[in-house]
Amino acid sequence: MYPVQFRSAARWLPAVLLVLLLFWLALPRLLGLAAERWLDVPGLENLHVDIENVGAGHARLREVRAVYTSAGGYRFQIALHDMVLTIR
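For what it's worth, numbering that gives the first Met the number 0 labels the leading residue of the sequence shown as 0, then goes sequentially.
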């Protein structure tokens, strides 16, 4: 009786594990794209966030680039490299 139930689970379990692995590997890229949309600052023309990895309570950003135009018309280009964010 039990082997029949385990056989049906054995058919779809590798596919589910593969989908979860692909999602986990794509998570930093997805979070970087989402951060570019969430951080909507007036005057910010361009924002690029490259996330290296995400862990429990921290994230490591490989690069953050932005182009900001001030109210006076001045244009600033900002680049930050190798940042660690800790969430408490």
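By construction, the Cβ of each residue, glycine as well, lies at the ideal position given by its N, Cα and C atoms.
CB-CB length for Leu20 against Ile50, believed under 8 Å: Looking up residue 20 in the sequence shown gives position 21. Looking up residue 50 in the sequence shown gives position 51. Contact between Leu20 and Ile50 is absent: CB atoms are separated by about 18 Å, not below the 8 Å threshold.
Close-in-space but distant-in-sequence residues of the same chain around Val48 (CB under 7 Å, 5 per side omitted): Along the sequence shown, one-based indexing puts residue 48 at 49. A distance below 7 Å between beta-carbons, with the five flanking residues on each side excluded, links Val48 to the following residues of its chain, in chain order: Gly31, Ala34, Glu35, Leu60, Val63.
Based on Cα-Cα distance, which residue from Ala9, Val53, Leu79 lies nearest to Trp23? Taking the sequence shown and counting its residues from 1, the one referred to as residue 23 is at position 24. The shortest CA-to-CA distance from Trp23 to any of Ala9, Val53, Leu79 is the one to Val53.
For the candidate residues Gly56, Leu16, Tyr73, Val15, whose alpha-carbon lies nearest to that of Leu43? Along the sequence shown, read from residue 1 onward, the residue named residue 43 stands at position 44. Closest option to Leu43, Cα to Cα, is Tyr73.
Since Arg87 is in the beta strand (DSSP E), which residue starts that stretch and which ends it? By 1-based counting over the sequence shown, the position of residue 87 is 88. DSSP places Arg87 outside any beta strand (DSSP E), giving it a letter other than H or E.
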